[in-house]
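Top line first, the protein sequences correspond to chains F and U. Numbered per UniProt numbering, the first sequence spans residues 1 to 287. Numbered per UniProt numbering, the second sequence spans residues 1 to 237. All C-beta atoms in this analysis are idealised placements derived from N, C-alpha and C, irrespective of residue type, glycine included.
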Amino acid sequence: MIWLDTIVQGILLGGLYALFAAGLSLVFGIMRLVNLAHGDLIVLAAFLILTIVSALGLNPFLGALLAMPVMFGAGWLLQTYVLNRVLGDDILPPLLVTFGLSVVIQNGLLEGFSADSQKLSAGPIEAASLPLGPVTVGVMPLLTLISAILVIFALNQLFYRTRLGRAFRATSDDAVTAGLMGIRPRNVFAIATGVAMVVATIAALYLGMRANFDPTIGPARLIYAFEAVIIGGLGSLWGTLAGGIVIGVAQALGAAVNPEWQILSGHIAFILVLLVRPRGLFPRAND
Amino acid sequence: MTGPVLSIENLTAYYGDFQALFGVDLALQQGQALAIIGANGAGKSTLMRAITGILPSPRDAIRLNGQPIGHLSAPEVLEAGISMVPEGRRLFPSLSVEENLLIGAHVRTGSRYWTLDGIYDLFPILAERRHNPGTALSGGQQQMVAIGRALMSNPDVLLCDEISLGLAPVVIRDIYASFPKIRESGASVIVVEQDIGQALKIADHVCCMMEGRVTLSGAPDALSRDAIHDAYFGVSA
Ligand SMILES: Nc1ncnc2c1ncn2[C@@H]1O[C@H](COP(=O)(O)OP(=O)(O)OP(=O)(O)O)[C@@H](O)[C@H]1O
Ligand SMILES: [Mg+2]
Numbered sequence: 001m002i003w004l005d006t007i008v009q010g011i012l013l014g015g016l017y018a019l020f021a022a023g024l025s026l027v028f029g030i031m032r033l034v035n036l037a038h039g040d041l042i043v044l045a046a047f048l049i050l051t052i053v054s055a056l057g058l059n060p061f062l063g064a065l066l067a068m069p070v071m072f073g074a075g076w077l078l079q080t081y082v083l084n085r086v087l088g089d090d091i092l093p094p095l096l097v098t099f100g101l102s103v104v105i106q107n108g109l110l111e112g113f114s115a116d117s118q119k120l121s122a123g124p125i126e127a128a129s130l131p132l133g134p135v136t137v138g139v140m141p142l143l144t145l146i147s148a149i150l151v152i153f154a155l156n157q158l159f160y161r162t163r164l165g166r167a168f169r170a171t172s173d174d175a176v177t178a179g180l181m182g183i184r185p186r187n188v189f190a191i192a193t194g195v196a197m198v199v200a201t202i203a204a205l206y207l208g209m210r211a212n213f214d215p216t217i218g219p220a221r222l223i224y225a226f227e228a229v230i231i232g233g234l235g236s237l238w239g240t241l242a243g244g245i246v247i248g249v250a251q252a253l254g255a256a257v258n259p260e261w262q263i264l265s266g267h268i269a270f271i272l273v274l275l276v277r278p279r280g281l282f283p284r285a286n287d
Numbered sequence: 001m002t003g004p005v006l007s008i009e010n011l012t013a014y015y016g017d018f019q020a021l022f023g024v025d026l027a028l029q030q031g032q033a034l035a036i037i038g039a040n041g042a043g044k045s046t047l048m049r050a051i052t053g054i055l056p057s058p059r060d061a062i063r064l065n066g067q068p069i070g071h072l073s074a075p076e077v078l079e080a081g082i083s084m085v086p087e088g089r090r091l092f093p094s095l096s097v098e099e100n101l102l103i104g105a106h107v108r109t110g111s112r113y114w115t116l117d118g119i120y121d122l123f124p125i126l127a128e129r130r131h132n133p134g135t136a137l138s139g140g141q142q143q144m145v146a147i148g149r150a151l152m153s154n155p156d157v158l159l160c161d162e163i164s165l166g167l168a169p170v171v172i173r174d175i176y177a178s179f180p181k182i183r184e185s186g187a188s189v190i191v192v193e194q195d196i197g198q199a200l201k202i203a204d205h206v207c208c209m210m211e212g213r214v215t216l217s218g219a220p221d222a223l224s225r226d227a228i229h230d231a232y233f234g235v236s237a
């Protein structure tokens with residue numbers, strides 16, 4: 001029973017990693033851009049929620065709702081004025097620029113909020129739990145996983161059922177031909193990054209409610225997100241959820257053996273999956 | 001009498017330092033079908049890329065209904081009323097047949113003469129395959145999707161770059177059988193063809209290109225075989 005409990009906790013933890021990763025996966029799927037500042041943008045969103053919550057005395061969920069349009073705008077501006085200028089056949093410039101952005105965000109946050117750890121307080125719900133068959137699960141981890149599933153489902157609907165999603169896929173297939181259809185790839189990219197930042201805000205909400213955060217924790221979140229995306233298969237959103245769960249379960253199992261092994265076992269699972277399936281669990285056919 | 005729908009004057013085009021077009025002139029009259037023929041590397045596709053805004057051109061070198069469009073980007077040219085069936089079809093592999101057609105009407109729907117149903121009437125086989133991935137079709141069917149996709153914006157000018165390339169003669173005949181209906185919609189058409197026989201059959205006017213220049217231009221029945229041969233391959237010594 002202890003193993004079942006551990007696996008369930010791991011799956012729930014995977015929901016958090018999938019949320020970290022979903023925005024990264026979306027952006028990579030559409031424009032083949034690896035955003036090295038993704039983790040820091042999540043932390044930035046957490047500080048934005050914190051600011052809104054303390055200024056207006058709101059509950060973090062409402063704070064996140066208000067932060068979403070702001071982060072969408074920030075993503076749109078970032079893509080339009082910075083990333084679109086460096087996207088091209090060479091993958092190095094966008095990597096360097098997003099790496100630089102990561103450093104800028106961390107230092108900006110340190111300047112503005114100091115290195116103290118912060119937390120978003122959600123009240124009694126934080127400690128609440130409920131029995132689920134033979135195991136007991138925390139309400140907060142359960143909410144996180146449910147949110148991750150909803151986010152991935154919504155992104156899939158957007159991708160496969162809407163006019164905008166059609167433009168996303170066409171642009172990702174062939175930006176020149178998309179231009180012949182009247183699609184402006186740069187606008188499409190700007191909207192995609194805006195959407196990714198909305199998802200990053202949801203990730204930030206759970207990050208901030210479940211643990212302490214400070215300006216320096218972005219890069220570690222990026223690594224989990226990155227591993228989840230690669231395990232799942234580049235460009236596959238459901239794959240990203242599966243990837244998050246693989247890392248979550250591996251970490252939980254590692255921690256059950258020896259608490260010091262938690263982080264390491266996540267990375268080992270990542271390497272093992274890559275050894276067996278170099279293109280991830282659900283690779284896209286045409287990459 | 002009104003002027004040409006599309007007129008091109010002294011158009012030059014470059015790939016970096018390499019000059020691919022050297023002062024091309026041509027005019028497409030309202031309702032006309034113009035065929036552009038020429039050997040590999042003559043600059044036919046380059047001309048299409050320049051018209052559609054994929055390659056930059058001087059502002060006044062290309063005019064649509066008298067308005068300069070040379071400086072416009074590809075989406076702007078589409079909105080102005082020119083759409084293209086690109087060389088090699090270039091369907092979107094992530095999109096189904098129907099989505100490939102719908103994306104043709106993503107921003108411009110023009111006169112609304114062509115709708116999804118209209119395209120399925122034109123090419124009934126596509127209705128059966130509507131949910132297949134665009135790239136899971138035969139070459140001829142893919143070409144039909146590419147033509148339908150270009151029609152969905154209801155263009156004033158339709159450009160077709162080598163739609164018969166790599167297709168069996170019977171399939172080519174089927175595809176060209178759709179042209180009378182396409183012209184009924186009011187679109188003026190430019191077809192780029194290496195298949196001279198096919199080009200001469202449907203065209204009101206023929207231009208032959210060689211090494212980035214128009215070397216011959218005239219009505220199909222006014223051009224002798226020898227004149228076409230010389231313009232196509234260069235005058236033999
Ligand atoms: N992307 C490119 N970069 C550099 N040069 C190019 C490029 N595309 C075409 N060219 C050159 O421009 C010239 C004209 O090419 P273009 O594709 O327009 O010929 P074409 O008449 O369409 O030939 P084909 O019948 O083979 O399609 C050729 O010399 C070709 O090598
Ligand atoms: Mg060509």
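| query | result |
| --- | --- |
| Reference R90 of chain U; option with closest CA among U:F22, U:G134, U:T52 and U:L47 | U:G134 |
| Best match in U:D230, U:R149, U:Q142 and U:G3 for proximity to Q67 of chain U [C-alpha to C-alpha] | U:G3 |
| C-alpha distance - A269 of chain F paired with A168 of chain U, whole-angstrom precision | 52 angstroms |
| Residues bridged to residue 238 of chain U (per DSSP) | As displayed, chain U neither begins before 1 nor continues past 237, which places residue 238 of chain U out of reach and without an answer. |
| Interface partners of R166 of chain F on chain U, CB under 8 angstroms | L95, E99, L102, I103 and H106 |
| Minimum Cβ-Cβ distance from I6 of chain U to chain F less than 8 angstroms | Per the sequence shown, the amino acid found at residue 6 of chain U is Leu instead of Ile. So, not an interface residue. |
| Below-8 angstroms beta-carbon distance, I119 of chain U vs any chain F residue | no |
| Rounded C-alpha distance that separates A18 of chain F from A105 of chain U | 35 angstroms |
| Buried or exposed by the 16-neighbour rule on C-beta atoms within 10 Å, applied to Y81 of chain F | exposed |
| Within chain F, partners of R112 of chain U - CB distance below 7 angstroms | Going along chain F, no residue has its Cβ under 7 angstroms from R112 of chain U, so there is no contact; the nearest lies around 16 angstroms. |
| Counterpart residues of Y15 of chain U in DSSP-defined beta bridges | U:F18 |
| Reduced DSSP category for P4 of chain U - H, G, I as helix; E, B as strand; rest coil | coil |
| Beta-carbon neighbours of R161 of chain F, restricted to chain U and to distances below 9 angstroms | Chain U residues near R161 of chain F: none, gap ~11 angstroms exceeds 9 angstroms. |
| Three-state secondary structure (DSSP) of Q143 of chain U | helix |
| Separation of V171 of chain U from R49 of chain U, as counted between CA atoms | 26 angstroms |
| 9 angstroms Cβ cut-off: residues of chain U touching G10 of chain F | By Cβ distance, chain U contributes nothing, its closest Cβ being about 33 angstroms from G10 of chain F, past 9 angstroms. |
| Nearest-angstrom Cα separation, counted from T109 of chain U out to S96 of chain U | 20 angstroms |
| Status (buried if at least 16 other CB within 10 Å, exposed otherwise) for A177 of chain U | exposed |
| Partner residues on chain U for A190 of chain F, Cβ-Cβ distance less than 7 angstroms | Ordered by position in chain U, no residue passes the 7 angstroms Cβ test against A190 of chain F, which lies about 14 angstroms from the chain. |
| Check: T46 of chain U C-beta below 7 angstroms from any heavy atom of ligand 1 | yes |
| Sequence-distant residues of the same chain with beta carbon closer than 8 angstroms to A128 of chain F, five excluded per side | G138, V139 and M140 |
| Residues of the region 58 to 85 of chain U whose Cβ lies closer than 9 angstroms to any Cβ of chain F, in chain order | S73, A74, P75, E76, V77, L78, E79, S83 and M84 |
| 8 angstroms Cβ cutoff, T52 of chain U in contact with chain F | yes |
| Any chain U beta carbon closer than 8 angstroms to T136 of chain F | no |
| Any chain F beta carbon closer than 8 angstroms to F179 of chain U | no |
| C-beta neighbour in chain U for A175 of chain F, strict 8 angstroms | no |
| Beta carbon of F226 of chain F nearer than 8 angstroms to that of V43 of chain F | no |
| In chain order, each beta strand (DSSP E) run of at least 3 residues that lies wholly inside the region 142 to 210 of chain U | 157 to 161, 188 to 193 and 205 to 210 |
| Test: residue 288 of chain F CB closer than 8 angstroms to a CB of chain U | No statement about residue 288 of chain F is possible, as the shown extent of chain F runs from 1 to 287 and does not include it. |
| 8 angstroms Cβ cutoff met for S45 of chain U and A27 of chain U | no |
| Which of helix, strand or coil DSSP assigns to S265 of chain F | helix |
| Three-state class that DSSP yields for T216 of chain F in the structure shown | coil |
| Cβ separation of P185 of chain F and L234 of chain F, assumed to be a contact under 8 angstroms, to the nearest whole Å | Incorrect: roughly 19 angstroms between the Cβ atoms, too far for contact. |
| T136 of chain F, buried or exposed, once every other Cβ within 10 Å from all chains shown has been counted against 16 | exposed |
| Three-state class that DSSP yields for N107 of chain F in the structure shown | helix |
| G41 of chain U: CB within 7 angstroms of a non-hydrogen atom of ligand 1 | yes |
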